[in-house]
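For reference, the structure discussed in these notes is given below.
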Amino acid sequence: MWSLYKHLTILVICAARVRAVLEVELPISARTDEIESDWTAVVYDDKGPILVGNDGGAASGGFHAFVLNGENAMSETAHKTPGRTKLVAMVHDIGRKDIIVTIAQTDSFFRLYDAVTFEQIGDPLSRTLGDWSALCGWKSQGSGNQYLFLFGKGQAVQFLIREQQGSIEILEVQTFKTPVEASACAVSLSAQAVFFSGDDDPTVYAFGAAESTFTPSIRIIGRGDDDVTGLAVYVGHNSDYLIVAQKDTAAVYDVSFNLLGSFVVTGEEDVEVQGLSFYQGATQHYPAGFLAYAIESETGAGFGVSSLEAAFTALNLEVNTAYNPRERPCNPQTPICASCNNSGFCEAGSRLAGAAACSCFAGFGGSACSAFSCRNGCSGHGKCVGANQCECEQGWAGLYCAFKVVKPVAETEANGGDGDDPAIWISPVDKAESRIITTTKSGIGTGLGVFDLGGSLLQTIAAGEPNNIDVIYGFRAGERIIDLVYGGCRADNTLCLFEMASNGTLRTIAGGIQETKDDYEVYGSCVYRSRVTGKQYLFVNAKSAEYLQFELSWDGNALSTTLVRNFTGGSGGQTEGCVADEANGWVLIGEERYGLWRYGAEPNDDSASRYLIASIGEGMYADVEGVALVEGASADEGFILVSQQGVSAFNVYHRAEPHALIQTFTIYENGDKGIDGVTNTDGIAAVGTTLGSAFRKGLIVVHDDTNQLPRGATSDEASFKLISLEDVIPEGLQDELDPNWDPRADWRQELDKIL
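Just add 26 to the spot in the sequence shown (first one is 1) and you have this note's numbering.
What follows is the structure in structure tokens.
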């Protein structure tokens with residue numbers, strides 16, 4: 027069937043035909059209470075269907091299981107908390123077990139759970155570092171072998187899951203690139219195709235589902251009327267239906283992407299559904315099965331199901347309640363053979379010729395796939411002990427032992443629900459009395475937190491969901507010279523500014539809320555003061571990479587801003603983190619799925635003239651998030667630090683051109699001090715100046731997505747980790763640090779020249 031897709035072109039449906047397609051209501055039949063939901067799966071249990079849904083909460087993270095015990099009711103039967111989780115999947119009849127598959131964002135390990143007892147099966151398996159965004163299973167109709175497709179930042183990984191010698195194992199078959207970061211996926215048995223789609227995009231892609239190590243050919247098969255929020259496949263008797271969710275609407279297509287009709291989920295206001303799955307059995311209350319989904323509406327986030335009976339009848343769709351996910355082929359023919367060590371595929375016809383020609387799974391090699399190999403040779407910091415499995419030397423970890431391990435020396439007190447970015451304010455009175463400022467962008471507790479260098483919370487101040495935060499030193503406000511704290515506030519898409527008093531306390535200031543422009547959605551931000559003119563500028567960007575540069579001034583008795591520049595950063599993909607290098611007149615911009623860019627920061631600089639410092643795949647990992655500059659004694663000395671969320675690691679680059687990569691580091695727990703490691707990191711701040719005896723050669727502060735507590739618990743509130751800069755910068759390069767660096771001294775010198 028996959029040959030069908032070789033000749034498909036993008037399907038364009040005329041307006042008249044779209045209007046003629048029937049749209050029917052799909053009422054919500056049952057609904058859970060509030061859960062941070064993204065993804066669903068369904069267990070085909072002999073006693074009745076069980077809905078499995080992820081939990082993305084910090085303290086409650088893992089998955090929930092619900093039994094449907096009535097037409098309008100769901101009862102929770104299990105809740106497991108291995109850590110913040112986005113993805114769940116079901117595989118049936120592996121070693122006579124039905125298995126729930128999860129991958130926790132906190133450690134990137136697969137975990138398997140018995141779908142009857144909900145107890146974990148064995149130890150966590152196959153650590154796969156990354157920020158993963160979609161997961162779906164496929165059982166080969168020719169062999170009965172079970173596979174998983176895991177999607178992330180521009181890539182997909184195909185795994186084989188099987189019973190081997192009494193235990194369950196997950197083996198990587200291959201990894202290949204994808205044109206987008208998939209946010210939804212589904213597999214059609216009749217078309218033998220894997221469908222996937224990206225976030226904020228109406229495009230649906232497909233590639234062949236095959237037992238092969240050859241990179242699949244990915245094609246666009248069509249586009250929806252709106253951005254796709256979820257995909258699912260309903261298995262038909264002869265041909266499947268592809269369901270494409272777009273907010274509250276689920277369009278129904280055949281596998282050739284011909285539109286057959288659509289469902290509109292009703293019963294709540296402002297509905298958006300994602301993470302779809304079907305139950306295709308017949309029960310008393312769901313005689314044609316149901317559609318399950320993660321739902322967000324005015325009622326809140328959670329999971330819901332909708333009976334299919336009336337909607338399928340109205341659209342004249344064929345019901346198939348005989349579908350059985352455990353069903354195996356009558357005469358299975360597996361390409362995985364003993365001649366290839368059961369670690370690769372026997373190539374077509376090789377059995378007949380005698381000795382098999384093998385196509386080995388990732389990490390296996392040799393003529394019979396009996397040898398191990400590890401990517402990058404374990405980076406010279408470990409030994410290869412299995413297929414792409416490295417045993418790292420002490421002090422090294424991460425992807426193939428490529429990351430230097432450092433430990434936090436302190437952490438901020440837990441505060442706020444969803445943190446993002448830190449900043450470091452250097453006290454003009456006593457550097458040991460400097461402050462750490464952090465953002466909370468969640469609806470509850472939104473604003474800024476102020477901490478001392480020991481991590482104690484000193485102050486909170488309300489703000490409208492600030493995302494990034496930076497410090498402005500020595501701003502002239504009429505007759506006063508003051509410090510400011512600036513961030514982009516997402517609640518009302520404004521520029522938020524506060525005054526930082528000399529005693530390290532934040533307070534509001536006249537003109538502290540500045541407008542951006544109509545229909546603009548604030549995301550990242552940073553600051554720049556010109557060494558040419560002495561003027562102060564504010565950068566802000568949207569997710570679309572549209573950057574606005576404002577001049578900040580004092581007008582009479584209040585702050586005022588003027589838009590002086592507008593440009594698109596990077597390749598046009600989502601951007602967030604940025605930092606200015608004032609001595610060199612640069613602004614450095616992180617494009618989450620592409621790399622780190624350098625632009626001129628003056629308002630009259632040519633925005634088309636840019637320099638790519640580093641790109642994903644060349645020693646850099648997605649998502650690129652926070653960017654920080656460590657000042658040195660001169661404009662050519664110092665370092666650039668970049669956080670990489672998908673692998674919970676940080677790159678260190680030379681400040682001077684050509685900005686060579688120095689190393690990658692990751693932050694593990696400090697057991698002696700009871701401080702957890704850093705996962706799914708976001709913002710970063712750093713200074714190289716001495717901040718008292720605790721930080722003689724500077725300080726790094728980083729965001730930690732999951733604040734794990736002693737004895738395995740997780741806090742609902744965020745914390746930021748403090749790292750000594752000298753633990754990160756190699757000893758031979760620490761001479762570039764300036765322990766006496768004073769941000770106000772540079773400003774005063776430049777101001778004297780201008781005046």
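Ideal placement from N, C-alpha and C gives every residue a C-beta, glycine not left out. If you're wondering where the values come from, they're calculated on a predicted model, not measured in any experiment.
Exercise for the section: Determine, using beta carbons only, whether Gln306 and Asn264 come nearer to each other than 8 angstroms. Expected result: Against a cut-off of 8 angstroms, the Cβ pair of Asn264 and Gln306 comes out as no contact.
Handout entry: Nearest neighbour of Glu786, chosen from Arg624, Lys179, Gly599, Ile54 [CA to CA]
Key = With the chain represented from 27 up to 781, any question about residue 786 goes unanswered, as that position is not in the structure.
Exercise for the section: Check Pro242 in the structure and name its three-state DSSP category. Expected result: Three-state result, Pro242: coil.
Handout entry: With 16 other Cβ atoms within 10 Å as the buried cut-off, status of Phe17
Key = A question about residue 17 goes unanswered here, because the residues of the chain that appear run from 27 up to 781.
Exercise for the section: May I ask you to report which of helix, strand or coil DSSP gives Tyr549? Expected result: In this structure, Tyr549 counts as coil in the three-state DSSP scheme.
Practice task
Enumerate in chain order the residues of its own chain whose CB-to-CB distance from Glu294 is below 7 angstroms, with the five nearest sequence positions on each side excluded.
Solution key: Excluding residues within five positions, the ones whose Cβ falls inside 7 angstroms are Ile54, Ser323, Glu324, Thr325.
Problem - Continuous alpha helix (DSSP H) assignments of at least 4 residues falling wholly in the stretch 583 to 643 - result: Complete alpha helix (DSSP H) runs here, min 4: none at all.
Practice task
With Thr339 as the anchor, note down where its alpha helix (DSSP H) starts and where it stops.
Solution key: Segment 335 to 340, the alpha helix (DSSP H) holding Thr339.
Practice task
Kindly identify the DSSP beta-bridge partner or partners of Ser63.
Solution key: DSSP, once it has assigned bridges, lists no residue as partnering Ser63.
Handout entry: Host beta strand (DSSP E) of Lys203 (start-end)
Key = Its beta strand (DSSP E) spans residues 193 to 203.
Handout entry: Rounded straight-line distance, which links the Cα of Ile196 to that of Lys747
Key = Answer to the nearest angstrom: the Cα atoms are 33 angstroms apart.
Practice task
Would you be able to state if there are at least three C-beta pairs under 8 angstroms between the stretch 636 to 651 and the stretch 681 to 696?
Solution key: Cβ pair count under 8 angstroms is three or more, so yes.
Handout entry: Sub-8 angstroms separation of Asp447 and Gly709 beta-carbons
Key = Yes; because the gap between Cβ atoms is below 8 angstroms, this pair is in contact.
Handout entry: Option nearest Ser482 by Cα separation, candidates Gly490, Thr464, Asn493
Key = Per the Cα distances, Thr464.
Handout entry: Three-pair Cβ contact test at 8 angstroms for the stretch 245 to 259 versus the stretch 216 to 223
Key = Verdict: yes, contact present.
Problem - Inter-stretch contact (C-beta, 8 angstroms, three-pair minimum) for the stretch 383 to 402 and the stretch 233 to 251 - result: Using a C-beta cut-off of 8 angstroms, the stretch 383 to 402 makes contact with the stretch 233 to 251, since at least three inter-stretch Cβ pairs fall below that distance.
Problem - DSSP-derived helix/strand/coil call for Pro358 - result: In the structure shown, Pro358 adopts coil according to DSSP, grouped into three states.
Exercise for the section: Indicate whether Ala160 and Ser209 have their beta-carbon atoms separated by less than 8 angstroms. Expected result: Yes; because the gap between Cβ atoms is below 8 angstroms, this pair is in contact.
Practice task
Please state whether DSSP places Cys400 in a helix, a strand or coil.
Solution key: Here Cys400 sits in coil by DSSP.
Exercise for the section: Taking Ala423 and Tyr620 to be in contact with their CB atoms under 8 angstroms, please state how far apart those CB atoms are, rounded to whole angstroms. Expected result: With 8 angstroms as the limit, Ala423 and Tyr620 do not qualify as a contact, their Cβ atoms being about 26 angstroms apart.
Practice task
Whole angstroms is fine: what's the gap from Leu484's alpha carbon to Gly475's?
Solution key: Distance between the alpha carbons of Leu484 and Gly475 is about 8 angstroms.
Handout entry: Uninterrupted alpha helix (DSSP H) stretches inside the stretch 663 to 696 (no shorter than 4 residues)
Key = Inside the stretch 663 to 696, DSSP marks no whole alpha helix (DSSP H) run of 4 or more residues.
Exercise for the section: Could you name the residues of the same chain whose beta carbon sits closer than 7 angstroms to that of Tyr554, not counting the 5 residues immediately before and after it, in chain order? Expected result: Within its own chain, the residues whose Cβ lies closer than 7 angstroms to the Cβ of Tyr554, once the five positions on either side in sequence are excluded, are Tyr563, Phe565, Ala606, Glu608, Val613, Ala627, listed in chain order.
Exercise for the section: Mind checking who Gln184 pairs with in its DSSP beta bridge? Expected result: Its beta-bridge partners are Phe175, Gln200.
Problem - Glu762 to Glu663 span [Cα, whole Å] - result: Linking Glu762 to Glu663 through their CA atoms gives a straight-line distance of about 5 angstroms.
Exercise for the section: In angstroms with no decimal places, state the Cα-to-Cα distance between Trp451 and Ile246. Expected result: Between Trp451 and Ile246, the C-alpha separation is close to 49 angstroms.
Practice task
Give a yes or no on whether the C-beta atoms belonging to Val656 and Val668 are separated by under 8 angstroms.
Solution key: Cβ distance not < 8 angstroms, so Val656 and Val668 don't count as in contact.
Exercise for the section: State the DSSP-derived secondary structure class of Arg377, mapped to helix, strand or coil. Expected result: Only weak support exists for where Arg377 lies, its pLDDT of 47 falling under 50; the value from the coordinates is given anyway. Reduced to three states, the DSSP call for Arg377 is coil.
Handout entry: C-beta contact flag for Phe398 and Ala413 at 8 angstroms
Key = Closer than 8 angstroms, so yes.
Problem - Buried versus exposed call for Ser243 [16 or more other C-beta atoms within 10 Å across all chains shown] - result: If you draw a 10 Å sphere on the C-beta of Ser243, you find fewer than 16 other C-beta atoms in it, and that means exposed.
Handout entry: Beta-ladder partner(s) of Val281, from DSSP
Key = Looking at the DSSP assignment, Val281 forms no beta bridge with any residue, so it has no partner.
Practice task
May I ask which residues mark the beginning and end of the beta strand (DSSP E) holding Trp451?
Solution key: Looking at the DSSP string, the run of the beta strand (DSSP E) that includes Trp451 is 445 to 451.
Exercise for the section: Can you tell me which of Pro684, His680, Val678, Leu735 puts its alpha carbon nearest to the alpha carbon of Gly703? Expected result: Answer by Cα proximity: Leu735.
Exercise for the section: Would you mind stating whether Phe501 and Ile508 have Cβ atoms separated by less than 8 angstroms? Expected result: Going by C-beta atoms, Phe501 is nearer than 8 angstroms to Ile508.
Handout entry: Minimum C-alpha distance to Asp478 - residue among Arg354, Gly469, Arg461, Asn592
Key = The candidate whose alpha carbon is nearest that of Asp478 is Arg461.
Exercise for the section: Rounded to whole angstroms, what's the CA-CA distance from Met100 to Pro205? Just pull it up for me. Expected result: Roughly 38 angstroms separates the two Cα atoms.
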